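Numbered by the working numbering, the letters in the sequence shown go through residues 176 to 433 in order. Here the structure is laid out as structure tokens; the discussion comes afterwards.
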Amino acid sequence: MASRVQFENNNEVGVFAKLTNSYCLVCQGGSENFYSVFEAELADTIPVIHASIADCRFVGRVAVGNKRGLLLPNTCNDQELQHIRNSLPDGVVVQRVEERLSALGNCIATNDHVALVHQDLDRETEDIVADVLGVEVFRQTIAGNALVGSYSVITNQGGMVHPQTPTEDLEELSSLLQVPLVAGTVNRGSDVLGAGLIANDWTAFCGMDTTSTELSVIESIFKIGTDVVNTNIRGTKADASQGGVSADLRNSLIDTMS
């Protein structure tokens, strides 16, 4: 199931951590409570790597990766790069990228097959994303926002995008990604999904303010704990279908407004 977590009373878990199917990056200098949530869920399957980038904690917003690779901004120093490279599983390629838009996590959203990127990203960076991560790359916006990594979270199971994404855009993105998508929120109505939520193919972590109905939507669309019947706060079964997710999302909005 999805887990709620805070970093020093901050619900933006996606700022301080990056999760893929083969590793999890978490920032250094946090409390033991923060790390224990990740290690309890992940330690048996993938490494949880404590790291900093440019001596800062916002590793989730400046790095982007999937099971094949990890891209770091040019502000990442040699010592940090070497530590991350030594800690990652064999076969995961690490590369530093010379890119003007250095918050790579805000500008790129990716799973193990497809990446959505900022429309102004350099052509060389686009090629590196395709080569290192082994994905098809598409320049897109989400609900008119160029920061695709900030306003979406995608895995190989499904994805969640900005709540004001039009239905036609949702269908187009779903067709590109070849996974089901839902428009939704996290942390009691926040549309900055990339900051409030991280997910891979079997688990997810979100901020403490996330409502039970938002959590139910997250578990449904990312197919987390699908062997267990999810029940939302109204006692109805949350189906993994689009209809079930939409019903949960409506309930979530009611929760937010009440």
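All C-beta atoms in this analysis are idealised placements derived from N, C-alpha and C, irrespective of residue type, glycine included. Values in this document were obtained by computation on a predicted structure and should not be read as measured data.
> At what residues does the beta strand (DSSP E) containing Phe380 begin and finish?
Replying inline: 379 to 382
> Is Phe233 helix, strand or coil when you go by DSSP?
Replying inline: coil
> Between the Cα of Gly235 and the Cα atoms of Glu394, Ser387, Ala374, Val361, which residue gives the shortest distance?
Replying inline: Ala374
> Taking the runs of the beta strand (DSSP E) that are 3 residues or longer, which of them lie wholly in the region 288 to 352?
Replying inline: 289 to 292, 311 to 314, 327 to 329, 334 to 336
> Apart from the five residues on each side of it in sequence, which residues of its chain come closer than 6 Å, Cβ to Cβ, to Glu311?
Replying inline: Val289
>> Here's a check: name, in chain order, each residue in its chain whose Cβ is nearer than 7 Å to the Cβ of Ser349, leaving out the five neighbours to either side.
In response: Pro355, Leu356
> Start and end of the beta strand (DSSP E) containing Asp285?
Replying inline: Correcting the residue identity first, residue 285 is Thr in this sequence and not Asp. It spans 283 to 285 - the beta strand (DSSP E) in which Thr285 sits, taken as one unbroken run.
> If we count the other Cβ atoms within 10 Å of its Cβ and call it buried at 16 or more, is Ala226 buried or exposed?
Replying inline: buried
> Quick one: Cα of Ala284 to Cα of His258, how far?
Replying inline: 24 Å
> Would you report the Cα separation of Ile396 and Glu207, rounded to the nearest angstrom?
Replying inline: 30 Å
>> Restricting to Cα atoms, I'd like to know which of Arg260, Glu343, Trp377 is closest to Glu216.
In response: Trp377
>> On the CB-based measure, 16 or more other CB atoms within 10 Å of its CB, does Ser211 come out buried or exposed?
In response: exposed
> Near Pro338, what residues of its chain come up, given a Cβ to Cβ distance below 7 Å and the 5 sequence neighbours on each side ignored?
Replying inline: Ala358, Gly359, Thr360, Asp366
> What residue range is occupied by the uninterrupted beta strand (DSSP E) comprising Gln270?
Replying inline: 268 to 272
>> Tell me the rounded alpha-carbon separation between Gly382 and Val239.
In response: 20 Å
> Is Asn185 buried or exposed, if buried means 16 or more other CB atoms sit within 10 Å of its CB?
Replying inline: exposed
> Is the beta carbon of Leu322 sitting closer than 8 Å to the one on His293?
Replying inline: yes
> What is the DSSP secondary structure of Asn405, reduced to helix, strand or coil?
Replying inline: Confidence at Asn405 is low in this model, with a pLDDT of 35, below 50, so the placement of that residue should be treated as unreliable; the coordinate-derived value is given next. Residue state, collapsed to three classes: coil.
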